[in-house]
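> The structure under discussion is supplied below as structure tokens; questions concerning it will follow.
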Amino acid sequence: MTKAVDDRARTPGAAPARRASAALLAAMLVSACSSAEEGGADAGMARAQPPARDALVPAPPSPDPFPGQDEVRLESLFAALAAEVPVLARAPQVRRDFESLLPELARRDDQALYLDYVRVRLAFEATRAGGLWGLAWRITDQQPQSDRIWAQWRGLAASRGADLPAITAIAECDELSALFAFVAHAIGLSKRSQVGLLWPAANHTVAVWVIEPGARETRVVVPTSQVFLDGAQSLGTARFDPWAQKRIFDYRRVDAEPGTRLPAPLARAFVRAVREHVPQSQAALQGARNRREQAQAGGGR
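Below you can see the structure in the form of structure tokens.
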């Protein structure tokens, strides 16, 4: 940078050009000050303020989030999914579903809460049984954590551009609920939200989204499988009481390390599924989930 400046300084005619640029800059400053005076001090302050973070319009995500890669680090997958959140937030159906849920949340609409809803929705639709990432519910007798799911995905053979297989991994309800919580946190869930596990019965687990934990917290049931539920139940179902458990512990366990490598075709398919389907209405997503689970049960792996 210094060499370039020095070279320009030695170029014939550089000095007049610099004087002209300085004069133009001075004129611009005078004009700006005059405008601020005409509009008053408040107008000048308003122009000086940067736009709110959530008001910034991000660049659209790349069509291929992992160009040229054969394997994708888990942290890169989560970064790509996080980049989809503000895009999904602009989808009309996503906004309408959030507004329908607001009375149950007993909270005022605000952008930070809405973005957390979008993150929860993304993680839920992706990781539930019969969801966007091809998970199937089976009894596995595993611990309530998602390590085994990530192990199955690491070993999955996938080809570039191919659709996801009907079943990408098998897990039971507690593993699915842990996976949901792990993904929701990994894509940027804010500090005002927590996600954890709820045992509505001794032999069943779902997840819960807790908003502003504490004396006045709100709890939203996240049914990561349809066990004990009919085909109409989805995010926010009232069929399980989220207050039946005294405390919902925020799930902060690291089930897979950031450097964990997944097949790139699988990671691309995960992002593509989120882009294509999460903007749909919750009713449409539930219907498609039910059909996928039926196909999984009939066709196997």
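3 is the number of the first residue of the sequence shown in my numbering; add one for each residue after it. Glycine is no exception: its CB is placed at the ideal position from the N, C-alpha and C atoms. Predicted, not measured: the structure shown is a model, and the values here were computed from it.
So, using beta-carbon positions, are residue 177 and residue 196 closer together than 8 Å?
Residue 177 places its beta carbon 8 Å or farther from that of residue 196.
> Pop quiz: residue 242 and residue 273 are said to be a contact at Cβ under 8 Å. What is the actual Cβ separation, rounded to whole angstroms?
Residue 242 to residue 273, Cβ: 30 Å. No contact.
> From the DSSP output, which residues share a beta bridge with residue 75?
263
> Does residue 296 pass the burial test, meaning 16 or more other C-beta atoms within 10 Å, or should it be called exposed?
exposed
> Look at residue 118 and residue 236 and say whether their C-beta atoms are less than 8 Å apart.
no
> Starting from residue 206, follow its DSSP beta bridges and name the residues at the other end.
DSSP, once it has assigned bridges, lists 203 as partnering residue 206.
> Is the distance from the Cβ of residue 130 to the Cβ of residue 293 below 8 Å?
Contact annotation: residue 130 and residue 293 have beta-carbon atoms that are not nearer than 8 Å.
> Can you give the Cα-Cα distance for residue 188 and residue 105, rounded to whole angstroms?
27 Å
> Please report the Cβ distance between residue 223 and residue 238, rounded to the nearest whole angstrom; I am assuming they are in contact, meaning their Cβ atoms lie under 8 Å.
About 6 Å separates the Cβ atoms of residue 223 and residue 238, confirming a contact at the 8 Å cut-off.
> Round the Cβ separation of residue 127 and residue 287 to the nearest angstrom and send it over; I've been treating them as touching at under 8 Å.
6 Å
> Go through its chain and collect everything with a Cβ distance to residue 265's Cβ below 7 Å, but skip five positions before and after it.
Within the same chain, residue 265 has close Cβ partners 73, 158, 160.
> Just the Cα atoms here: how many angstroms apart are residue 123 and residue 77?
20 Å
> My output table needs one value for residue 212: the three-state DSSP class, helix, strand or coil.
Residue state, collapsed to three classes: strand.
> Buried or exposed for residue 298, going by 16 or more other Cβ atoms inside 10 Å?
buried
> Using 8 Å for Cβ pairs, my map puts residue 263 next to residue 75. What's the rounded Cβ distance?
6 Å
> What alpha helix (DSSP H) runs, 4 residues minimum, are completely inside the region 89–114?
94–107
> Cβ atoms of residue 132 and residue 170: under 8 Å apart, would you say?
no
> Can you have a look at residue 245 and say buried or exposed, based on whether 16 or more other CB atoms are within 10 angstroms of its CB?
exposed
> If you drop the 5 nearest sequence neighbours on each side, which residues of the same chain put their C-beta closer than 7 Å to that of residue 125?
182, 185, 186, 189
> Buried or exposed: residue 35, going by 16 or more other Cβ atoms within 10 Å of its Cβ?
The predicted position of residue 35 is uncertain, since its pLDDT is 35 and thus under 50; a value taken from the coordinates is nonetheless stated next. So residue 35 counts as exposed.
> Would you call the CB atoms of residue 221 and residue 212 closer than 8 Å?
Yes, these two residues count as a Cβ contact at 8 Å.
> What separation, rounded to the nearest whole angstrom, lies between the Cα atoms of residue 121 and residue 87?
6 Å
> Are the beta-carbon atoms of residue 173 and residue 156 separated by less than 8 Å?
The Cβ-Cβ distance between residue 173 and residue 156 does not fall below 8 Å.
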